[in-house]
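In my numbering, the protein residues as written are 312 to 816.
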């Protein structure tokens, strides 16, 4: 090099460069991001284009990261779900505490005396169209909120509240320790209706799905023995529930599920035939069983149960995932309804222990590993994936959210605490704390891509959806002050901030 390269630099074509840079025309450049040398020396991007992962893309079509929040160290802005309407609208729901904060285009959320939920609509460029808070009278868990999109593009939302809640000016009051709100909102942000669901105890909503007729299915857990005057029985401690509302907000039915221990229903989706699929985590049933309609399930420690019901709420079959001294806990359920292939059911969550899924036996390598299962329409396991620490250790890695493209490609993400996170023999290295991860799989289970992102604190993926163009939209929350995404470093607001990512196809 004609000189001694400093520590950490390598001699490349007579120039001292960092390890991940190459020498082009006497300069050290990053071939992944340099516009004049994109993917190779001399491969320049056209005017108005950027270089992303070694490929040129128009600025409007490139991936991006946006952050929203305030500078309060005690503040927290969280995105929990994201859904894309057929018309292209991007809907987001989440929660916040402490201080006012803003999205783009002057959409601002005021400081409130207690924590609050919020809803917002974005365009696919990440700019806010509208948004408003859903404040409630008493502090509660502002993370238990969910949404889906109806066939006409309306936004259906559900969440947990205590005391009195205000949704676009309409007030609802809880009758127990906490209650559930459900609402339907137009693409312009106008409230069509809002209803409450609950009993005289504690309950929360974890997920919802809307079918082709606009019926809404809500799942969660409750301590109550009846909800809205409908008896659901009591099996002991928390029980899972599933409720159906019609397109006008009328409660059609509500059912309870579980055993004598803690039971959590966390995911729901529908198929094109009007059937409903639900996932429930069932704690150790001991000498008893957990009831799902006319079916029963045994849990040796912590089991996952997939149920299929018809539109009237009758359970048609269940699939139990159970093994001794093993945690199998699902947090996400998404269905691919066969637009370009057969129907598939995808389950994401966390796993600790050893269990056989289909023909493959998985064994965890930490306290909790990220689990992804692909099933056919009858509940048969087609393939399974486990994301885990490269070396044994007490870390938590989770598959938290799933989105499915029209071509059947599966987009899954979550967070990992492991220093080296491995998935299908590919590795991600942690920047500190919990980092976000995003993977794409073919319908046959081939890993197509794997990305990690975040900073030195905690960065967690909460929601994923895929546009008609095949672009991945991701939301979550970060406490990192510097957030690295696709080789680019971004400064955040420094508190607990909402992040909004778009990854091009």
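Every residue gets a Cβ at the ideal spot worked out from N, C-alpha and C, and that includes glycine.
ask   = Taking the Cβ atom as the reference point for each residue, do residue 793 and residue 766 lie within a distance shorter than 7 angstroms?
value = yes
ask   = Expressed to the nearest angstrom, what Euclidean distance is found between the alpha-carbon atoms of residue 562 and residue 584?
value = 21 angstroms
key: CA-to-CA distance, residue 813 to residue 790, given in whole angstroms   = 19 angstroms
message = On a Cα-Cα basis, can you pick out the residue from 594, 508, 575 that is closest to residue 541?
response = 508
ask   = Closest to residue 754 by CA distance: which of 475, 637, 652, 567 is it?
value = Selected option, being the one with the closest Cα: 652.
inquiry  = At the level of alpha carbons, what is the spacing between residue 769 and residue 357?
reply    = 37 angstroms
task = Determine, using beta carbons only, whether residue 461 and residue 525 come nearer to each other than 7 angstroms.
result = yes
Nearest residue (CA-CA) to residue 566, options 549, 588, 537, 573 = Checking every option, the nearest Cα to that of residue 566 belongs to 537.
inquiry  = Using the three-state DSSP reduction, which class does residue 750 fall into: helix, strand or coil?
reply    = strand
message = In the DSSP assignment, the beta strand (DSSP E) including residue 608 goes from what residue to what residue?
response = That run of the beta strand (DSSP E) goes 606–608.
message = Threshold first: 4 residues or longer. Then list the alpha helix (DSSP H) segments lying entirely within the stretch 512–563, N to C.
response = Listed in chain order, there is nothing to give.
task = Express the C-alpha separation of residue 382 and residue 429 in angstroms, rounding to a whole number.
result = 19 angstroms
task = Run the CB neighbour count on residue 559, radius 10 Å, all protein chains shown included, and call it buried at 16 or more, exposed below.
result = exposed
inquiry  = At a threshold of 6 angstroms, does residue 612 count as lining the ligand SAM (C-beta to nearest heavy atom)?
reply    = Among the ligands in the structure shown, none appear at all, so the ligand SAM cannot be discussed.
ask   = Grouping DSSP H, G and I as helix and E and B as strand, with all else coil, what is residue 640?
value = strand
request  = Tell me whether the beta-carbon of residue 255 lies closer than 7 angstroms to the beta-carbon of residue 615.
outcome  = Residue 255 is absent from the structure shown; the chain starts at 312 and stops at 816.
ask   = Which same chain residues, not among the five before or five after residue 730, have their C-beta less than 6 angstroms away from its C-beta?
value = 741
ask   = Where residue 417 and residue 779 are concerned, what is the direct C-alpha to C-alpha distance, given to the nearest angstrom?
value = 28 angstroms
request  = Name the one or two DSSP bridge partners that residue 647 has.
outcome  = 655
query = So, is residue 481 buried or exposed, given that buried needs 16 or more other C-beta atoms within 10 angstroms?
reply = exposed
ask   = Under 7 angstroms between the Cβ atoms of residue 427 and residue 446?
value = yes
ask   = Where do the N-terminal and C-terminal ends of the beta strand (DSSP E) with residue 325 fall, by residue?
value = Run containing residue 325: none; DSSP gives neither H nor E here.
ask   = Roughly how many whole angstroms lie between the Cα atoms of residue 330 and residue 367?
value = 23 angstroms
request  = Please say whether residue 466 and residue 496 have beta carbons closer to each other than 7 angstroms?
outcome  = At a Cβ-Cβ threshold of 7 angstroms, residue 496 and residue 466 count as neighbours.
Spatial distance of residue 365 from residue 721 (CA atoms) = 23 angstroms
query = For residue 572, which residues of its own chain have a beta-carbon under 7 angstroms away from its beta-carbon, when the five flanking residues on both sides are left out?
reply = 547, 548, 594, 595, 596
Within 7 angstroms, strictly: CB atoms of residue 724 and residue 712 = yes
ask   = In chain order, what residues of the same chain have a beta carbon less than 8 angstroms from the beta carbon of residue 856, not counting five sequence neighbours either side?
value = The structure shown does not extend to residue 856, since the chain spans only 312 to 816, so no value can be given for it.
Own chain partners of residue 627 with C-beta closer than 7 angstroms, once the 5 adjacent residues on each side are dropped = 619, 620, 621
ask   = So, residue 554 versus residue 529, is the Cβ gap smaller than 7 angstroms?
value = yes
key: Continuous beta strand (DSSP E) stretch holding residue 600: start and end   = Element bounds for residue 600: n/a, residue is neither H nor E.
query = To the nearest angstrom, how far is it from the Cα of residue 326 to the Cα of residue 319?
reply = 13 angstroms
task = Give the DSSP-derived three-state secondary structure of residue 469 in the structure shown.
result = strand
query = Between the beta-carbon of residue 697 and the beta-carbon of residue 673, is there less than 7 angstroms?
reply = yes
request  = Go through its chain and collect everything with a Cβ distance to residue 744's Cβ below 6 angstroms, but skip five positions before and after it.
outcome  = Sequence-distant partners of residue 744 (beyond 5 residues in either direction) whose C-beta falls short of 6 angstroms from its own C-beta, in its chain, are 768, 769.
ask   = Between the beta-carbon of residue 259 and the beta-carbon of residue 339, is there less than 7 angstroms?
value = The requested residue 259 does not occur in the structure, where the chain is confined to residues 312 to 816.
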